[in-house]
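Presented below is the structure to which this report refers.
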Amino acid sequence: MTAGLEFARDGDVATLTFARPEKKNAISHDMWAAIPDVVAEVEGDPGLKVLVLTGAGPDFSAGADISEFGSLRSTADGAAAYDQVVEGAVTALAGMTKPTVAKIRGNCIGGGCQISVACDFRFADTTARFGITPAKLGIVYDFRSTRQLVSLIGPAHARYFLLSGQLIDAARAREIGLLNDVFTDLDAGVSDFAATLCSRSQTSVRGMNRIIGKILDGQSESDSEVEGIRSAAIHGEDYAEGVAAFLDRRPPKFTAS
């Protein structure tokens, strides 16, 4: 595993940890570059159902490692190449069909917030604070991440974030829809929610996540892929088990991985 990242499995759940607490888990170029490989590993592993992203110590991530900018972003070409790597990480996360959960404490700023927005769910404790700060660096945020942010919190709040670069606390983040919830016991809250996702039909979870992704990418009508996803579900084992469990008044026992 790339320095600064830790990957662990616990049953059905994988956890990717930004592990540079001495730097508030600043994300290096190599860490950005490694994220698509982690995504591919989780997506391809039939034993894993959920990916949790978090930070070691008191912070999620304070953003990209700006100390590298002098060497890696000192020219326009260098900046463009660096941005491609960041966009590759964001695109890989956003494209996952297995659910992704950001577990957030402390600083979730800049690239850290960008990563959290690319996840399907965001949970935090009361120490969390959020901001996206390209306007403090003379950077224009990329299109995909801007679209994700606007889709999540709306254009007015997205403008506040991107144009001002100001920070907000967890309560405000929950209020505008950036967070799904704020937990007093973050570890327990996220663990319980991940267990809930794992207990559901994975055919349903991944199929619906794929359709939501297509809608967020601008698709407005069904297509052959969507119809194929829905048809396969109806003819699958999970559908038969779900209906039988409902009629028998018992919890379903889904077997599809």
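Heads up, our numbering is the position in the sequence shown plus 14, with the first residue counted as 1.
We treat Cβ as the ideally placed atom computed from N, Cα and C, and that holds for glycine.
Residue i beta carbon near the ligand ZN (any heavy atom closer than 7 Å)
| i | result |
| --- | --- |
| residue 112 | With respect to small molecules bound, the structure shown includes none, and the ligand ZN cannot be examined in it. |
Assigned exposure category for residue i - 16 Cβ within 10 Å defines buried
| i | result |
| --- | --- |
| residue 171 | buried |
| residue 256 | buried |
| residue 78 | buried |
| residue 243 | buried |
| residue 252 | buried |
| residue 267 | exposed |
| residue 254 | exposed |
Cβ shell of residue i (< 6 Å), same chain only, five flanking positions each side left out
| i | result |
| --- | --- |
| residue 51 | none |
| residue 23 | none |
| residue 127 | 144 and 146 |
| residue 190 | 167 and 171 |
| residue 249 | none |
| residue 38 | 73, 76 and 121 |
| residue 225 | 240 |
| residue 108 | 132 |
Distance, residue j Cα to residue i Cα
| i | j | result |
| --- | --- | --- |
| residue 187 | residue 162 | 15 Å |
| residue 227 | residue 158 | 12 Å |
| residue 148 | residue 176 | 7 Å |
| residue 182 | residue 73 | 15 Å |
| residue 110 | residue 49 | 12 Å |
| residue 168 | residue 146 | 15 Å |
| residue 140 | residue 185 | 7 Å |
| residue 56 | residue 263 | 33 Å |
| residue 206 | residue 36 | 29 Å |
| residue 179 | residue 40 | 18 Å |
| residue 215 | residue 34 | 36 Å |
| residue 210 | residue 218 | 13 Å |
| residue 31 | residue 18 | 8 Å |
| residue 20 | residue 236 | 39 Å |
| residue 238 | residue 112 | 21 Å |
| residue 156 | residue 173 | 14 Å |
| residue 29 | residue 271 | 18 Å |
| residue 204 | residue 258 | 30 Å |
| residue 98 | residue 152 | 17 Å |
| residue 234 | residue 245 | 19 Å |
| residue 269 | residue 260 | 16 Å |
| residue 247 | residue 265 | 19 Å |
| residue 223 | residue 229 | 10 Å |
Cutoff 7 Å; reference residue i; Cβ partners in own chain excluding five residues on either side
| i | result |
| --- | --- |
| residue 82 | 42 and 43 |
| residue 208 | 27, 64, 66 and 115 |
| residue 16 | 44, 45 and 48 |
Nearest residue (CA-CA) to residue i, options the options
| i | options | result |
| --- | --- | --- |
| residue 117 | 110, 129, 111 and 58 | 129 |
| residue 76 | 234, 152 and 143 | 143 |
| residue 103 | 46, 141, 204 and 31 | 46 |
| residue 54 | 114, 98, 38 and 72 | 114 |
| residue 213 | 16, 139, 145 and 62 | 62 |
| residue 231 | 25, 105 and 99 | 105 |
| residue 71 | 21, 120 and 126 | 120 |
| residue 124 | 271, 150, 206 and 244 | 150 |
| residue 96 | 80, 233 and 19 | 80 |
| residue 122 | 239, 69 and 34 | 69 |
| residue 221 | 240, 235 and 268 | 240 |
| residue 192 | 207, 209, 179 and 164 | 164 |
| residue 59 | 39, 25 and 138 | 25 |
| residue 101 | 160, 137, 203 and 268 | 160 |
| residue 202 | 174, 260 and 137 | 137 |
Neighbourhood of residue i by C-beta, 8 Å cutoff - its chain only, sequence neighbours within 5 removed
| i | result |
| --- | --- |
| residue 154 | 148 |
Test: residue i CB closer than 8 Å to a CB of chain C
| i | result |
| --- | --- |
| residue 97 | The question asks about chain C, but that chain is absent: this structure has only one protein chain. |
Is the segment 86–104 close to the segment 193–210, with three or more CB pairs under 8 Å? no
So does the segment 90–102 actually touch the segment 131–148, counting three or more Cβ pairs closer than 8 Å? Judged by Cβ distances under 8 Å, the segment 90–102 makes no contact with the segment 131–148, as fewer than three pairs qualify.
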